[in-house]
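Inspection log for the structure reproduced underneath, given as C-alpha coordinates.
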Amino acid sequence: MLLVKNSANWLKWIIFAMLLFVLPRHYYFDVSQLFSTKNIKNQRIPIIFAYYLERNCFMNNINDIVDYIISKVKSEDDSASLINLKLQKLLYYIQAWSYGINGKAMFEGEFQAWVHGPVNREIYDRFNPTKYLYSEINLEDRIKTDVKIDEETAEFIDFILENYLKYSGAELERLSHSELPWIQTRGKIGAYDRCEECISEELLISYYGSKWKEINS
(Lines of atoms letter the chains of each structure in order from A; the text may use other names.)
(Lines give C-alpha, C1' and ligand atoms only; values in the text may rest on other atoms or scores of the structure.)
Protein backbone atom coordinates (compact mmCIF):
# COMPACT_ATOMS: atom_id res chain seq x y z
CA MET A 1 0.00 0.00 0.00
CA LEU A 2 2.83 2.37 0.96
CA LEU A 3 4.67 1.47 -2.25
CA VAL A 4 1.60 2.32 -4.35
CA LYS A 5 1.14 5.65 -2.56
CA ASN A 6 4.82 6.56 -2.99
CA SER A 7 4.70 5.55 -6.65
CA ALA A 8 1.71 7.81 -7.20
CA ASN A 9 3.57 10.72 -5.62
CA TRP A 10 6.63 10.08 -7.76
CA LEU A 11 4.46 9.94 -10.87
CA LYS A 12 3.01 13.37 -10.04
CA TRP A 13 6.48 14.89 -9.79
CA ILE A 14 7.72 13.17 -12.95
CA ILE A 15 4.76 14.52 -14.92
CA PHE A 16 5.20 17.99 -13.43
CA ALA A 17 8.93 17.98 -14.32
CA MET A 18 8.10 16.97 -17.90
CA LEU A 19 5.65 19.85 -18.17
CA LEU A 20 8.32 22.33 -17.13
CA PHE A 21 10.09 21.64 -20.41
CA VAL A 22 7.04 21.78 -22.71
CA LEU A 23 5.05 24.72 -21.31
CA PRO A 24 5.96 28.41 -21.26
CA ARG A 25 6.75 29.63 -17.74
CA HIS A 26 3.61 31.75 -17.36
CA TYR A 27 1.46 28.63 -17.71
CA TYR A 28 2.82 26.94 -14.59
CA PHE A 29 0.73 28.92 -12.16
CA ASP A 30 -2.51 29.29 -14.12
CA VAL A 31 -4.48 26.06 -14.10
CA SER A 32 -7.13 27.34 -16.53
CA GLN A 33 -4.38 28.15 -19.05
CA LEU A 34 -2.60 24.88 -18.32
CA PHE A 35 -5.63 22.83 -19.33
CA SER A 36 -6.74 25.10 -22.18
CA THR A 37 -7.95 23.54 -25.43
CA LYS A 38 -5.16 25.39 -27.23
CA ASN A 39 -2.45 23.71 -25.16
CA ILE A 40 -3.94 20.26 -25.66
CA LYS A 41 -4.55 20.71 -29.41
CA ASN A 42 -1.00 22.00 -29.91
CA GLN A 43 0.22 18.95 -27.98
CA ARG A 44 1.98 21.13 -25.44
CA ILE A 45 0.36 18.94 -22.82
CA PRO A 46 -0.76 15.37 -23.62
CA ILE A 47 -4.41 14.75 -22.80
CA ILE A 48 -3.70 11.89 -20.40
CA PHE A 49 -1.24 14.06 -18.45
CA ALA A 50 -3.73 16.92 -18.34
CA TYR A 51 -6.43 14.61 -17.01
CA TYR A 52 -4.11 13.10 -14.41
CA LEU A 53 -2.88 16.46 -13.19
CA GLU A 54 -6.33 17.96 -13.02
CA ARG A 55 -7.64 15.01 -11.01
CA ASN A 56 -4.67 14.57 -8.69
CA CYS A 57 -2.33 17.56 -8.54
CA PHE A 58 -4.74 20.48 -8.58
CA MET A 59 -7.67 19.01 -6.67
CA ASN A 60 -8.66 20.88 -3.52
CA ASN A 61 -7.80 19.10 -0.29
CA ILE A 62 -10.97 17.99 1.49
CA ASN A 63 -9.58 18.96 4.91
CA ASP A 64 -8.87 22.47 3.64
CA ILE A 65 -12.48 22.73 2.47
CA VAL A 66 -13.71 21.56 5.88
CA ASP A 67 -11.49 24.08 7.68
CA TYR A 68 -12.75 26.82 5.36
CA ILE A 69 -16.37 25.94 6.20
CA ILE A 70 -15.63 25.96 9.94
CA SER A 71 -13.88 29.33 9.66
CA LYS A 72 -16.65 30.79 7.53
CA VAL A 73 -19.43 29.71 9.88
CA LYS A 74 -17.77 30.21 13.25
CA SER A 75 -15.64 33.30 12.59
CA GLU A 76 -18.64 35.34 11.47
CA ASP A 77 -20.80 34.17 14.38
CA ASP A 78 -19.24 32.00 17.07
CA SER A 79 -22.70 31.15 18.42
CA ALA A 80 -23.80 29.74 15.04
CA SER A 81 -24.53 26.02 15.20
CA LEU A 82 -22.32 23.69 13.19
CA ILE A 83 -22.83 20.15 14.42
CA ASN A 84 -20.98 17.22 12.89
CA LEU A 85 -24.10 16.10 10.99
CA LYS A 86 -24.57 19.54 9.42
CA LEU A 87 -20.90 19.83 8.45
CA GLN A 88 -21.10 16.52 6.58
CA LYS A 89 -24.20 17.64 4.68
CA LEU A 90 -22.73 21.04 3.76
CA LEU A 91 -19.63 19.26 2.49
CA TYR A 92 -21.80 16.88 0.48
CA TYR A 93 -23.80 19.65 -1.17
CA ILE A 94 -20.63 21.54 -2.10
CA GLN A 95 -19.36 18.42 -3.87
CA ALA A 96 -22.76 17.52 -5.35
CA TRP A 97 -23.37 20.96 -6.84
CA SER A 98 -19.81 21.13 -8.13
CA TYR A 99 -20.58 17.99 -10.12
CA GLY A 100 -23.95 19.39 -11.19
CA ILE A 101 -22.75 22.85 -12.22
CA ASN A 102 -19.14 22.26 -13.28
CA GLY A 103 -19.26 18.57 -14.17
CA LYS A 104 -16.35 17.75 -11.86
CA ALA A 105 -15.45 17.36 -8.20
CA MET A 106 -14.57 20.30 -5.97
CA PHE A 107 -12.26 18.06 -3.93
CA GLU A 108 -11.12 14.46 -3.88
CA GLY A 109 -13.52 12.49 -1.74
CA GLU A 110 -16.59 10.29 -2.07
CA PHE A 111 -19.73 10.11 0.01
CA GLN A 112 -21.30 6.91 1.30
CA ALA A 113 -25.08 6.60 1.62
CA TRP A 114 -25.31 6.23 5.39
CA VAL A 115 -28.48 6.08 7.50
CA HIS A 116 -28.27 9.80 8.33
CA GLY A 117 -27.52 10.84 4.76
CA PRO A 118 -24.33 11.16 2.68
CA VAL A 119 -21.12 10.95 4.72
CA ASN A 120 -17.48 11.30 3.74
CA ARG A 121 -15.56 8.61 5.60
CA GLU A 122 -12.27 10.51 5.82
CA ILE A 123 -13.90 13.48 7.54
CA TYR A 124 -15.98 11.17 9.73
CA ASP A 125 -12.76 9.48 10.90
CA ARG A 126 -11.10 12.86 11.44
CA PHE A 127 -13.70 13.91 14.03
CA ASN A 128 -14.81 10.49 15.25
CA PRO A 129 -12.49 10.19 18.28
CA THR A 130 -14.09 13.19 20.01
CA LYS A 131 -17.16 14.21 18.00
CA TYR A 132 -20.47 12.42 17.72
CA LEU A 133 -23.33 12.98 15.27
CA TYR A 134 -24.74 15.99 17.10
CA SER A 135 -21.47 17.30 18.57
CA GLU A 136 -20.64 20.93 17.89
CA ILE A 137 -17.67 21.65 15.62
CA ASN A 138 -15.64 24.65 16.80
CA LEU A 139 -12.79 26.84 15.54
CA GLU A 140 -10.25 24.86 17.58
CA ASP A 141 -11.21 21.74 15.61
CA ARG A 142 -9.54 23.11 12.48
CA ILE A 143 -6.28 21.64 11.22
CA LYS A 144 -5.33 24.97 9.62
CA THR A 145 -6.35 28.34 11.02
CA ASP A 146 -5.52 30.18 7.80
CA VAL A 147 -6.67 28.07 4.85
CA LYS A 148 -5.45 29.11 1.41
CA ILE A 149 -7.94 28.34 -1.36
CA ASP A 150 -8.37 30.12 -4.66
CA GLU A 151 -10.96 32.86 -5.13
CA GLU A 152 -13.15 30.83 -7.50
CA THR A 153 -13.36 27.94 -5.03
CA ALA A 154 -14.16 30.29 -2.14
CA GLU A 155 -16.92 31.99 -4.15
CA PHE A 156 -18.47 28.64 -5.04
CA ILE A 157 -18.42 27.41 -1.44
CA ASP A 158 -19.88 30.71 -0.22
CA PHE A 159 -22.67 30.38 -2.79
CA ILE A 160 -23.60 26.92 -1.50
CA LEU A 161 -23.39 28.02 2.14
CA GLU A 162 -25.70 30.96 1.44
CA ASN A 163 -28.34 28.49 0.29
CA TYR A 164 -27.89 25.72 2.88
CA LEU A 165 -26.60 27.26 6.11
CA LYS A 166 -30.10 28.34 7.12
CA TYR A 167 -31.10 24.68 7.52
CA SER A 168 -30.36 22.55 10.57
CA GLY A 169 -28.42 19.31 10.35
CA ALA A 170 -31.65 17.33 10.70
CA GLU A 171 -33.31 19.33 7.92
CA LEU A 172 -30.35 18.76 5.60
CA GLU A 173 -30.47 15.06 6.46
CA ARG A 174 -34.15 14.90 5.46
CA LEU A 175 -33.43 16.86 2.29
CA SER A 176 -30.68 14.45 1.23
CA HIS A 177 -33.05 11.53 1.99
CA SER A 178 -35.58 12.96 -0.47
CA GLU A 179 -33.11 13.11 -3.35
CA LEU A 180 -32.34 10.42 -5.92
CA PRO A 181 -28.56 9.98 -5.39
CA TRP A 182 -28.95 8.84 -1.77
CA ILE A 183 -32.16 6.86 -2.44
CA GLN A 184 -30.81 5.02 -5.49
CA THR A 185 -27.43 4.26 -3.90
CA ARG A 186 -29.05 2.63 -0.87
CA GLY A 187 -31.48 0.70 -3.06
CA LYS A 188 -33.38 -1.88 -1.02
CA ILE A 189 -31.21 -1.55 2.08
CA GLY A 190 -33.35 -1.04 5.19
CA ALA A 191 -33.85 2.48 6.54
CA TYR A 192 -31.71 1.78 9.62
CA ASP A 193 -29.29 -0.72 8.09
CA ARG A 194 -25.60 -0.02 7.47
CA CYS A 195 -24.63 1.02 3.93
CA GLU A 196 -21.13 1.86 2.73
CA GLU A 197 -21.97 2.19 -0.97
CA CYS A 198 -20.54 5.37 -2.48
CA ILE A 199 -22.79 7.75 -4.37
CA SER A 200 -21.41 7.73 -7.91
CA GLU A 201 -20.11 10.69 -9.91
CA GLU A 202 -22.56 9.81 -12.67
CA LEU A 203 -25.54 10.07 -10.31
CA LEU A 204 -24.38 13.41 -8.93
CA ILE A 205 -23.69 14.89 -12.37
CA SER A 206 -27.01 13.66 -13.74
CA TYR A 207 -29.22 14.63 -10.80
CA TYR A 208 -27.75 17.97 -9.78
CA GLY A 209 -26.97 18.86 -13.38
CA SER A 210 -30.67 18.44 -14.21
CA LYS A 211 -31.68 20.50 -11.17
CA TRP A 212 -29.28 23.26 -12.22
CA LYS A 213 -30.78 23.33 -15.71
CA GLU A 214 -34.27 23.58 -14.21
CA ILE A 215 -33.20 26.49 -12.03
CA ASN A 216 -31.77 28.35 -15.01
CA SER A 217 -34.49 27.51 -17.54
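Numbering follows the UniProt record's numbering, with no gaps: position 111 of the sequence shown is 111.
Glycine included, C-beta positions come from ideal geometry on N, C-alpha and C.
Computed from a prediction, not measured in an experiment: that's the story for all the values here.
Selection from the options that minimises the alpha carbon distance to residue i
| i | options | result |
| --- | --- | --- |
| E110 | N216, E196, S217 | E196 |
| E201 | F107, I69, Y134 | F107 |
| E76 | I215, S217, D158 | D158 |
| A105 | V115, I94, Q112 | I94 |
| Y124 | K211, G103, S210, N63 | N63 |
| K211 | K148, I149, L180 | L180 |
| A96 | A170, N216, Y164, S168 | Y164 |
| L204 | L175, G100, A80, S81 | G100 |
| E152 | N102, G209, L82 | N102 |
| C198 | E122, Y167, K72, D78 | E122 |
| R194 | I65, S98, V115 | V115 |
| S79 | S178, A154, H177, I137 | I137 |
Per-residue burial, residue i [other beta carbons within 10 Å of its own, 16 or more giving buried]
| i | result |
| --- | --- |
| Y134 | exposed |
| D146 | exposed |
| N84 | buried |
| S32 | Only weak support is given to the placement of S32: the predicted model assigns it a pLDDT of 45, under 50, and the question is left unresolved by the model. |
| A113 | buried |
| Y207 | buried |
| S217 | exposed |
| I215 | exposed |
For residue i: DSSP bridge partner residues
| i | result |
| --- | --- |
| N63 | In DSSP, N63 forms no bridge with anything. |
| C198 | Q112 |
| L205 | A small correction: the amino acid at residue 205 is Ile; Leu does not occupy that position in the sequence shown. Answer by DSSP bridge pairing: none, since I205 is not bridged. |
| I83 | E136 |
Supposed close pair residue i, residue j - CB separation, criterion 8 angstroms
| i | j | result |
| --- | --- | --- |
| I70 | R142 | 5 angstroms |
| E182 | P118 | In the sequence as presented, Glu is not what sits at residue 182; that position holds Trp. 6 angstroms between Cβ atoms; contact. |
| L91 | N61 | Not a contact, Cβ separation roughly 12 angstroms. |
| D67 | K188 | With a Cβ gap of about 37 angstroms, D67 and K188 do not count as contacting. |
| K74 | L139 | 5 angstroms |
| K89 | L161 | At roughly 12 angstroms, the Cβ-Cβ gap does not stay under 8 angstroms, so K89 and L161 are not in contact. |
heavy atom of the ligand FMN below 8 angstroms from residue i C-beta
| i | result |
| --- | --- |
| S75 | Among the components of this structure there are no ligands whatsoever, and the ligand FMN is therefore not found. |
Practice task
Jot down the residue ranges of each uninterrupted beta strand (DSSP E) in the UniProt domain "Antitoxin SocA-like Panacea" (87 to 182), minimum 3 residues, whole runs only, in chain order.
Solution key: Listed in chain order, they are 112 to 114, 117 to 119.
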